[in-house]
Amino acid sequence: MSNKRVVITGLGVVSPVGLGIDETFDALVEKQCGVRRIESFDPSKFASQIGGEVRDLKVNNFVFKKYRKSVKVMARDIELAVAAAYLAVKDGGLNTKCIVDRDEADAVNIDSTRFGANIGAGLICADLNELAGALSTAVDNPEAPIDRAFSLGKWGEKMSNLTPLWLLKFLPNMLACHVTIVHDCQAPSNTITCGEASSHLAIGEAFRTIKRGAADVCICGGAESKMNPMGLMRPILNNRVVTDYNDRPEQACRPFDEKRSGSVISEGGGLLILEEYEHAKARGANIYGEVLGFGASANASHWRDVQSDGRALQIAARKAVADAGVSFDDIDLINPAGLGLPKEDAAEAAAIHGVFGKKATETPVLCTKGALGNNGAGSGAIDLAVTLKAMQRGVCPPSLNTESLSDDCQLNVVRKDPIDLRADLALSFAGALSGGQTGALVLRRSVS
Amino acid sequence: MNRRVVITGIGWITPLGHDIETAWGNILAGNSGVAPTTIFDAKTFPTTFSAEVKDFDLKKFLNDNEFEDHRNVSRQAGFALAAAKMAWKNSGLESLTDLDKSMVGIYLGGGEGPLDFTSFAQAAIDGWDYEGNDLDSTRWAEVAAKVLSPVKELEQDPNMAASHIGHCFGLEGPNFNTLTACAASTQAIGEATHMIRYGDADIMISGGCHSMIHPLGVTGFNLLTALSNRNDSPTTASRPFDRTRDGFVLGEGAGMLILEELEHAQKRGATILAEIVGYGSTADAFRITDIHEDARGGIAAMRMAIEDAGVDLKAIDYISAHGTSTAENDKIETKAIRGVFGDHAPNVPVSSVKSMMGHLIAAAGACELITCILAIRDQVLPPTVNYENPDPLCDLDYVPNEKRPANVKTCLSNSFGFGGQNDTLVIRAFEG
Chain A
1 MSNKRVVITG
11 LGVVSPVGLG
21 IDETFDALVE
31 KQCGVRRIES
41 FDPSKFASQI
51 GGEVRDLKVN
61 NFVFKKYRKS
71 VKVMARDIEL
81 AVAAAYLAVK
91 DGGLNTKCIV
101 DRDEADAVNI
111 DSTRFGANIG
121 AGLICADLNE
131 LAGALSTAVD
141 NPEAPIDRAF
151 SLGKWGEKMS
161 NLTPLWLLKF
171 LPNMLACHVT
181 IVHDCQAPSN
191 TITCGEASSH
201 LAIGEAFRTI
211 KRGAADVCIC
221 GGAESKMNPM
231 GLMRPILNNR
241 VVTDYNDRPE
251 QACRPFDEKR
261 SGSVISEGGG
271 LLILEEYEHA
281 KARGANIYGE
291 VLGFGASANA
301 SHWRDVQSDG
311 RALQIAARKA
321 VADAGVSFDD
331 IDLINPAGLG
341 LPKEDAAEAA
351 AIHGVFGKKA
361 TETPVLCTKG
371 ALGNNGAGSG
381 AIDLAVTLKA
391 MQRGVCPPSL
401 NTESLSDDCQ
411 LNVVRKDPID
421 LRADLALSFA
431 GALSGGQTGA
441 LVLRRSVS
Chain C
1 MNRRVVITGI
11 GWITPLGHDI
21 ETAWGNILAG
31 NSGVAPTTIF
41 DAKTFPTTFS
51 AEVKDFDLKK
61 FLNDNEFEDH
71 RNVSRQAGFA
81 LAAAKMAWKN
91 SGLESLTDLD
101 KSMVGIYLGG
111 GEGPLDFTSF
121 AQAAIDGWDY
131 EGNDLDSTRW
141 AEVAAKVLSP
151 VKELEQDPNM
161 AASHIGHCFG
171 LEGPNFNTLT
181 ACAASTQAIG
191 EATHMIRYGD
201 ADIMISGGCH
211 SMIHPLGVTG
221 FNLLTALSNR
231 NDSPTTASRP
241 FDRTRDGFVL
251 GEGAGMLILE
261 ELEHAQKRGA
271 TILAEIVGYG
281 STADAFRITD
291 IHEDARGGIA
301 AMRMAIEDAG
311 VDLKAIDYIS
321 AHGTSTAEND
331 KIETKAIRGV
341 FGDHAPNVPV
351 SSVKSMMGHL
361 IAAAGACELI
371 TCILAIRDQV
381 LPPTVNYENP
391 DPLCDLDYVP
401 NEKRPANVKT
411 CLSNSFGFGG
421 QNDTLVIRAF
431 EG
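Quick look at the structure:
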């Protein structure tokens, strides 16, 4: 068994409250809320009209000059990943091809053939404006004032109204492909598509990849945007989003609160630099912490039902803690998904009680979704970055809108105000809302 | 201490058959699964044919309760469930009652479920502001909320096939889905192998499933001009390595394997079909549209897999090529094989079963690995059919048109995906 150790040396975060981990973390500590009325399209006829948008993201600022022509084929999800990747390598002091091409460093300081990527992605929504524009010409009765009927036969002839590279904007692996091209990562590269669990599973796999010696460094995490009409419609159809807070968006997402009624869609990306310890030490990298353990499981009860005891979360957490060689008594910070959904939050609380026993009501719990909403595949990595930053700074940001804990969520959720935190070991987990895939990670603040 | 990983079960649903022997028999006979598309009316599309799974009936693979549970699966998740059932049965695990289900996991390269295109398109048209030439999202919202189905939307998520299988078998081990385009199921099997090696699981159901034979899927590939347009002769359209090749033929299906830790398999007296000895995975990091001209990533993936296997180059008896029948892939894959094998390359038989099955996209690698297992079992190499016109840029032994008896012990299988994803597996006959 490999005794290689894996540390975290860079954090890249793009969230509705900031670009970069520091901006995001500061905003969370200052209780800023990224959930607002949607501006990127008119949401007025949707049951839910709010979300966490990343505003003023200019992807050109995050690539090298010659690559700017390629941004035309980037769906929003890809832009978020590319921005988070740049922020992560900069934060990690990695002078990749992109950084050198941008004249921000003289020479590449990483072996590309030992640099991998493992990026969680969602089901990328087609740009509805673009696709609807092309589809609008494929009708049987173009002269009809209303009730034009779609014609598949016409579509066969009119599809060329779309750009030739149209498909490549929406393949989930394009997040990793663009990131690997921009930063020249030639080692193993994977794309995990498991909803809200994607980031944890991708980071867990990157952890294993470095441990087995297939790479020295992996850029890993996830990104997703649900901020488009289709991304909003899908969770509305499945009753997953808050619909009764359209006039008070900043109060809508309420993790573990007795008045919680659903999640809020958002967009964002989180990418972490995982690095083999000796490699990091040799280049004098700043080390945020260490990945100690990883565990994965799945909800086998039913892919659409919540396990009220959070069984899969418990299995994943137990595996991660065992893999880390620690015990639940050693964990001093917990980071659940805390989406603000009635059943899912209760299941997470039950899982925490199940594995922590008496300590469940004492150990501080860090939640970000009240401020950030749920972007899906990228949420977990943002949470992990915030968790690491909280341990490093010794401050835990409060969970926005967690005012009065519900009876089925009796946890020590850090709420109302930030607290001083003295934490060395954190457990973070997440499960896919659709499908039940589950991942858990144990992180240590420093390297001992 | 080193945990070895063996294959103890296989199952597939392919355009050439819904059971192991039928499809394998068709492959050895050189039969084509390609025909005019019937899933939707494609007659005005640039490409009017595909390799469809015909007459698939999920009921034949599930009991009544299971069928009721899974009746809303999308097309490719249905294939996946059927193939997983087949593989599970093939492995003999069915009869085992004391399995620790938290040590049995799933790692799929599962595609996204087909979009409900007709409803989607009608909502888009109803929501389109023809005067303002823009989408009216308010109008769209009203229509979409009525015509889109909550279940169909949810079942599109690419992880759903793995979720259905997990539920059907009650599996609580690691559950992953990767979607690295055409490399996905090869990557899934490689990563699943590592999960068992590490100790994350004792058994993994691994493979892939995909169906992109729907209007938007064909649209995407036609726009990229990646598909063959040989509409007047579908059965000869997929012609890997032939000079007149003009694109791939879209197929669909699922391939599933039961991967098992060696001692676990031996203890229960399982039939071992082959051992997974090597896995390599790289990124081209070049362009999203083109493969690296020097086959940099493909070469690196094959080398990594061969090194992981710890075998000599000359031990590789057969290469199951990615061999898509596109001008670029076949040329550069040939270059990659030459890059790795050097002067020995012409001595290594290489074939592409895509010439008969079409390109199963995310499911391709798993189904192709199954053909390697069967090649080892039957000591015969599947052919590359439709090979008529040698291409000076493709100058290897492609096992043209006829199956070939051969000593087959060690096989290498390549999968290369859009965007420069390269994955290679090496399997070997199990010899204790």
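Those protein sequence lines, which keep their order, are chains A and C.
For what it's worth, the working numbering labels the leading residue of the first sequence as 1, then goes sequentially.
For what it's worth, the working numbering labels the leading residue of the second sequence as 1, then goes sequentially.
Idealized CB from N, CA, C, for every residue including glycine.
Residues of chain C with a CB under 8 Å from the CB of A:T9: which are they?
Along the first sequence, one-based indexing puts residue 9 of chain A at 9. Correct list: empty, because the minimum Cβ distance to chain C is about 20 Å.
What is the DSSP secondary structure of C:M204, counted as helix, strand or coil?
Here the question's residue 204 of chain C lines up with position 204 in the second sequence. C:M204 falls in the strand class under three-state DSSP.
Check distances from the C-beta atoms of the region 187–218 of chain A to those of chain C and list, in chain order, the residues that come in under 9 Å.
Hits within the stretch, in order: A187, P188, S189, N190, T191, I192, T193, C194, G195, A197, S198, L201, G204, E205, R208, T209, K211, R212, A214.
Which chain C residues are close to A:R234, counting only those with a beta carbon under 7 Å from its beta carbon?
Indexing the first sequence from 1 puts residue 234 of chain A at position 234. Neighbours of A:R234 on chain C, chain order: E153.
Delimiting residues of the beta strand (DSSP E) encompassing A:I50
Numbered from 1 along the first sequence, position 50 holds the residue referred to as residue 50 of chain A. Run containing A:I50: 50–52, per the beta strand (DSSP E) assignment.
How long is the line joining the alpha carbons of C:P382 and C:P400, rounded to whole angstroms?
Taking the second sequence and counting its residues from 1, the one referred to as residue 382 of chain C is at position 382. Taking the second sequence and counting its residues from 1, the one referred to as residue 400 of chain C is at position 400. Their Cα atoms are separated by approximately 9 Å.
Integer-rounded CB distance, given that C:M356 should sit under 8 Å from C:G33:
Translated into positions along the second sequence, residue 33 of chain C becomes position 33. Translated into positions along the second sequence, residue 356 of chain C becomes position 356. Distance from C:G33 to C:M356 at the Cβ level is roughly 6 Å; contact confirmed, criterion being Cβ atoms closer than 8 Å.
Check whether the region 214–232 of chain A and the region 376–393 of chain A touch, using three or more Cβ-Cβ pairs below 8 Å as the test.
Using a C-beta cut-off of 8 Å, the region 214–232 of chain A makes contact with the region 376–393 of chain A, since at least three inter-stretch Cβ pairs fall below that distance.
Any beta carbon of chain C sitting closer than 8 Å to that of A:A312?
As a working note, residue 312 of chain A is residue 312 in the first sequence. By this cut-off, A:A312 is an interface position.
Do C:L259 and C:M304 have their CB atoms nearer than 8 Å?
Looking up residue 259 of chain C in the second sequence gives position 259. Looking up residue 304 of chain C in the second sequence gives position 304. Contact flag unset, no.
Could you give the first and the last residue of the continuous beta strand (DSSP E) run that contains C:L257?
The residue you call residue 257 of chain C lines up with position 257 of the second sequence. From DSSP, the beta strand (DSSP E) with C:L257 extends over 252–261.
Among residues of its own chain, excluding the 5 on either side of C:F67, which ones have a beta-carbon nearer than 6 Å to its beta-carbon?
Locating residue 67 of chain C in the second sequence gives position 67, counting from the first residue. Excluding residues within five positions, the ones whose Cβ falls inside 6 Å are K59.
Between C:A123, C:L154, C:P15, C:K409, which has its C-alpha nearest C:L273's C-alpha?
Along the second sequence, one-based indexing puts residue 273 of chain C at 273. Put simply, of C:A123, C:L154, C:P15, C:K409 the residue whose alpha carbon is nearest the alpha carbon of C:L273 is C:K409.
Identify whether C:P400 lies in helix, strand or coil by the three-state DSSP scheme.
Within the second sequence, the letter at position 400 stands for residue 400 of chain C. Residue state, collapsed to three classes: strand.
Would DSSP call A:A317 helix, strand or coil?
For the purposes of this step, residue 317 of chain A is identified with residue 317 of the first sequence, where counting begins at 1. Look at A:A317 here: in three-state DSSP terms it is helix.
Candidates C:M302, C:P349, C:A309, of which the one nearest C:A336 by Cα
Position 336 of the second sequence, counted from the start, is the residue given in the question as residue 336 of chain C. Nearest C-alpha to C:A336: C:M302.
For C:P383, the residue or residues it bridges with in DSSP:
For the purposes of this step, residue 383 of chain C is taken as residue 383 along the second sequence, with counting starting at 1. BP columns for C:P383 are empty, so no partner.
Option in A:G12, A:V241, A:G436 with minimal Cα separation from A:H302:
As a working note, residue 302 of chain A is residue 302 in the first sequence. Shortest Cα-Cα distance from A:H302 to any of A:G12, A:V241, A:G436 involves A:G436.
Secondary structure of A:D330, DSSP reduced to three states:
Indexing the first sequence from 1 puts residue 330 of chain A at position 330. Three-state DSSP puts A:D330 in a helix.
Distance cut-off 7 Å: C:L425 Cβ against heavy atoms of the ligand COA
Because no ligand of any kind appears in the structure shown, any question about the ligand COA cannot be addressed here.
Beta-carbon proximity check, C:I288 vs C:N329, cutoff 8 Å
In the second sequence, the residue the question calls residue 288 of chain C occupies position 288. In the second sequence, the residue the question calls residue 329 of chain C occupies position 329. Taking 8 Å as the Cβ cut-off, C:I288 and C:N329 do not qualify as a contacting pair.
Given a cut-off of 8 Å, decide if A:L425 and A:D323 are closer than it, judged by their beta-carbon atoms.
Numbered from its first residue, the first sequence carries residue 323 of chain A at position 323. Numbered from its first residue, the first sequence carries residue 425 of chain A at position 425. No, the Cβ-Cβ distance between A:D323 and A:L425 is not below 8 Å.
If you follow the alpha helix (DSSP H) that C:N442 is in, where does it begin and where does it stop?
Outside the shown range of chain C, which is 1 to 432, sits residue 442 of chain C, and nothing can be said about it.
Run the CB neighbour count on C:Q266, radius 10 Å, all protein chains shown included, and call it buried at 16 or more, exposed below.
Indexing the second sequence from 1 puts residue 266 of chain C at position 266. By the 10 Å Cβ count, C:Q266 comes out exposed.
Any idea if C:R245 is buried or exposed, counting beta-carbon neighbours within 10 angstroms, 16 or more meaning buried?
Working through the second sequence from its first residue, we reach residue 245 of chain C at position 245. In summary, C:R245 is buried, with 16 or more beta-carbon neighbours lying within 10 Å of its beta-carbon over all protein chains present.
Using a Cβ cut-off of 8 Å, pull out every chain C residue sitting near A:E157, in sequence order please.
Within the first sequence, the letter at position 157 stands for residue 157 of chain A. Within 8 Å Cβ-Cβ: T44.
Can you find a C-beta in chain A that's less than 8 Å from the C-beta of C:P114?
What you label residue 114 of chain C is simply residue 114 of the second sequence in a count that begins at 1. Closer than 8 Å: no.
Kindly confirm or deny that the region 241–255 of chain C and the region 70–83 of chain C touch, where touching means at least three C-beta pairs closer than 8 Å.
Contact between the region 241–255 of chain C and the region 70–83 of chain C is present, because at least three Cβ pairs lie under 8 Å.
Is the CB of C:P36 under 8 Å away from at least one CB in chain A?
Taking the second sequence and counting its residues from 1, the one referred to as residue 36 of chain C is at position 36. C:P36 has a beta carbon lying at 8 Å or more from every beta carbon in chain A.
C:T271 to C:F430 span [Cα, whole Å]
Residue 271 of chain C sits at position 271 when you count from the first residue of the second sequence. Residue 430 of chain C sits at position 430 when you count from the first residue of the second sequence. Going by C-alpha positions, C:T271 is about 10 Å away from C:F430.
With distances taken Cα to Cα, identify the nearest neighbour of C:D317 among C:F248, C:C411, C:L115, C:K403.
Counted from its first residue, the second sequence places residue 317 of chain C at position 317. Taking each of C:F248, C:C411, C:L115, C:K403 in turn and checking the Cα distance to C:D317, the smallest one comes out for C:C411.
Looking at the unbroken alpha helix (DSSP H) that takes in A:A297, where does it start and where does it end?
The residue you call residue 297 of chain A lines up with position 297 of the first sequence. It should be noted that the sequence gives Ser, not Ala, for residue 297 of chain A. Annotation: A:S297 is outside any alpha helix (DSSP H); the continuous beta strand (DSSP E) that includes it extends over 289–298.
Taking C-alpha atoms, which residue in A:L162, A:T137, A:D111, A:A371 lies nearest to A:Q186?
On the first sequence, position 186 is the one that residue 186 of chain A refers to. Taking the Cα of A:Q186 as reference, the smallest distance to any Cα among A:L162, A:T137, A:D111, A:A371 is reached at A:D111.
Taking C:R287 as the query, report the chain A residues whose CB atoms sit under 8 Å from its CB, ordered along the chain.
Start at 1 with the first residue of the second sequence, and residue 287 of chain C comes out as number 287. Chain A residues near C:R287: I181.
Flag this pair as yes or no: are the beta carbons of A:P364 and A:C409 separated by less than 8 Å?
Working through the first sequence from its first residue, we reach residue 364 of chain A at position 364. Working through the first sequence from its first residue, we reach residue 409 of chain A at position 409. No, the pair does not count as a contact, with Cβ atoms beyond the cut-off.
For C:W12, decide whether its Cβ has a neighbour in chain E, counting only Cβ atoms nearer than 8 Å.
Here the protein chains are A and C, and chain E is not one of them.
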